[in-house]
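Structure record follows, encoded as C-alpha cells.
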Amino acid sequence: MSLWVAVLLACALAYLTKLAGHLVPPGKLEGRRVRRVTGLLPVALLTSLVVVQTFAATGGGLTLDARVVGLGAAIVALTLRAPFIVVVAVGAAVAAGLRAFGWS
Amino acid sequence: MAEKGGDRDPEGDEAIGLRERAARAAVQRQAWSVGVATGAYGISFGALSVASGLDVWQTVALSALMFTGGSQFAFVGVIGAGGTGLAAIATSTLLGIRNGLYGLQVSEFLGTRGAARAVAAQLTIDESTAVGIAQEADHHRRQGFWTTGWAVYLFWNAFTLAGAVLGNTLGDPRRWGLDAAAAAAFVALLWPRLKGRDAAGTAAVAVVLTVVVAPVAPAGVPVLVAALAAVVVGLWPGQGGRPGQGGRT
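Going down the list, the protein sequences come from chains A and B.
Last residue of the first sequence: 1362 in my numbering, with the numbers rising by one and none dropped.
Last residue of the second sequence: 304 in my numbering, with the numbers rising by one and none dropped.
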C-alpha cells in the first residue's frame, strides 16, 4: 500500500467515525460497558505508543538510549504543569543534548 | 460570573443584554485561547511527521483531513517505527473512536442538518467538544463548539505546515531529539487521561502487553495488541471509576 493511500484511507475512516456519532440517534451505544471500554481505549493506545516510541530499536526489539532520559524530563515537565509544547520541547532538548555529548 | 444584587431591577432587559454580551465574550475568549494553545503544537506534529518519512503534503493532508491530533501522532509514529500502512490506519482509527462518542454528545445541542452537520462532524474533536459542553446554555454551547472548532482548525493547519517545512530543513531527526519528542508528545497526550484506578490499570496492562509483544511482532502490531488492555479492564467486573474525560488531542 502506498503511503498516500494509507494517509487518505486513515483520513476517511477518521471522518466517518466522527460523522457516525452525529448520525446515530440519541440513546444508542449508551451501554455502560461499551462506554467504559471506549473511554479506556486512548489510555491503552497512548501508553503503548509511549513505550514503543521510547524503547523500540531500529532493527526490532527494545533498547535503552537517550530517548528514555528525554521521556523522564518530559514527565518532570508534566508534573510541573508545563504546557504541551514545552513538554515536547524539553523531551527533544534533553535527548539532543545527551547525543551532542556522545551518548546515543 | 459576578452576582449582581437586585436581579429584578427596572432595567431588567438591559441588564440581561449586558450579561448576555459578557457571557458571549467569555465563550469567545475561551474558544480562541484553546484554539491558539492547541494549534501551536501543530508545529511539533508537522516536524515529527516529516521526520517519520511523510512528505510535506502528506503531513498537511493529515492535519486538514484527519484533523484529530492523537490519531495523527499515532499514524506517523507507526510509520516512523517502520510499521505497515495497515497498522498505521488501524491505530489511528482506534484512537479516533472517541470522536464518534463526542459526536453523539454534541449533536444533541448543535441541531445541525445536511452540510452544516458534515462540517460539524469534521470539527468534532477533544477541544471543541470540551469547550462546547462546558457551557450552560445551549446557544453558548453551540458558540463554544463552533468557535473552538474553527480556531483549532485554523491554527492547527497553519502550524502543521510551518512545522513540516521547518522539519524538512533539520536533517537527521535524531540529532535534534525528535524521536524523544514523539515519546514526549504521547506521554503529554496520555497524562490528563491517567485519572482513576481503571486508567492506571489499563496503562499497566498496556505496558506489559507492549513489552511482551514488541520483540516478536512487526512494528505497529504491539500498539494494536495493547488496545486489548482497554477491553480487559473495561469489561472487568466491578465498579470502576469513570475513565478520564479530560485530555487533549
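We treat Cβ as the ideally placed atom computed from N, Cα and C, and that holds for glycine.
Owing to the predicted nature of the structure, the values given are computational and were not obtained by experimental measurement.
Proximal residues to A1315/A (C-beta, below 7 Å), its chain only, five neighbours per side dropped: T1321
So, T203/B versus V186/B, is the Cβ gap smaller than 9 Å? yes
Measure the Cβ-Cβ separation of V1348/A and A1335/A and say whether it is below 9 Å. yes
Inter-residue spacing [alpha-carbon to alpha-carbon] between K59/B and A70/B: With a pLDDT of only 46 at K59/B, under 50, the local geometry of the prediction cannot be trusted, and no value is derived from it.
Among the candidates I152/B, V105/B, R248/B, Y208/B, whose CA atom is the shortest distance from the CA of L120/B? Measuring C-alpha to C-alpha distances from L120/B to each of I152/B, V105/B, R248/B, Y208/B identifies Y208/B as the nearest.
Using a Cβ cut-off of 9 Å (strictly closer), state whether T1275/A contacts chain B. yes
Would the C-beta of S183/B count as close to the ligand PLP, meaning under 8 Å from any of its heavy atoms? Among the ligands in the structure shown, none appear at all, so the ligand PLP cannot be discussed.
For my contact list, A43/B and A1340/A are in at a C-beta cut-off of 8 Å; report their separation, rounded to the angstrom. Residue 43/B falls outside the range modelled here, since chain B spans only 56 to 304, and no answer is possible.
What is the DSSP secondary structure of A81/B, reduced to helix, strand or coil? Helix, per DSSP.
Against chain A, with Cβ distances strictly below 9 Å, would V288/B count as a contact? yes
Is W1262/A close to chain B, meaning its C-beta is less than 9 Å from at least one C-beta of that chain? yes
So which residues of chain D does F241/B contact, with C-beta pairs closer than 7 Å? Considering every chain present, this structure includes no chain D. Its protein chains are A and B.
Which residue from A176/B, V267/B, T139/B, A259/B puts its Cα closest to that of I1271/A? The sequence given here has Leu at residue 1271/A, not Ile. It is A176/B.
Contact residues within the region 67-90 of chain B, judged by C-beta distance below 7 Å to chain A: none
Using a Cβ cut-off of 9 Å (strictly closer), state whether G1319/A contacts chain B. yes
Taking 9 Å as the cut-off, decide whether the C-beta atoms of P1283/A and R153/B are in contact. no
Please list, in chain order, all residues of the same chain as T215/B whose beta carbon is under 7 Å from its beta carbon, the five residues on each side excluded. Cβ-Cβ distances below 7 Å link T215/B to G97, F100, G101, T114, V115, S118 in the same chain, with the five nearest sequence neighbours on each side left out; the list follows chain order.
Report yes or no: do the region 1300-1312 of chain A and the region 252-268 of chain B share at least 3 C-beta pairs separated by less than 8 Å? Output reads yes: the region 252-268 of chain B touches the region 1300-1312 of chain A.
Please decide whether A284/B counts as near chain A, where near means a Cβ-Cβ distance under 9 Å. yes
Alpha-carbon to alpha-carbon, V1352/A and P298/B: Only weak support exists for where P298/B lies, its pLDDT of 45 falling under 50; the coordinates are left without a value.
Proximity of V288/B and V280/B at Cβ, strictly below 9 Å: With contacts defined by Cβ atoms closer than 9 Å, V288/B and V280/B do not form a contacting pair.
Tell me the start and end of each unbroken alpha helix (DSSP H) in the region 1273-1351 of chain A that is at least 4 residues and wholly inside, in chain order. Segments of the alpha helix (DSSP H) lying fully in the region 1273-1351 of chain A: 1290-1313, 1324-1337.
Classify S162/B: buried if its beta carbon has 16 or more other beta carbons within 10 angstroms, exposed otherwise. buried
Grab me the residues of L233/B's own chain with a C-beta within less than 7 Å of its C-beta, minus the 5 sequence neighbours each way, in chain order. A102, L103, A106
Rounded C-beta distance between L150/B and G125/B? I'm assuming under 8 Å. 5 Å
Alpha carbon to alpha carbon, how far is A192/B from M56/B? Give it in angstroms, no decimals. Its pLDDT being 43, under 50, M56/B is placed unreliably by the model, and nothing is read from it.
Check M1259/A in the structure and name its three-state DSSP category. Looking at M1259/A - three-state DSSP - the assignment turns out to be coil, as it is neither helix nor strand.
Is there a Cβ of chain B sitting closer than 9 Å to that of L1322/A, yes or no? no
C-beta atoms of G256/B and V133/B nearer than 9 Å: no
Between D253/B and R1290/A, what straight-line distance do the alpha-carbon atoms span, to the nearest angstrom? 14 Å
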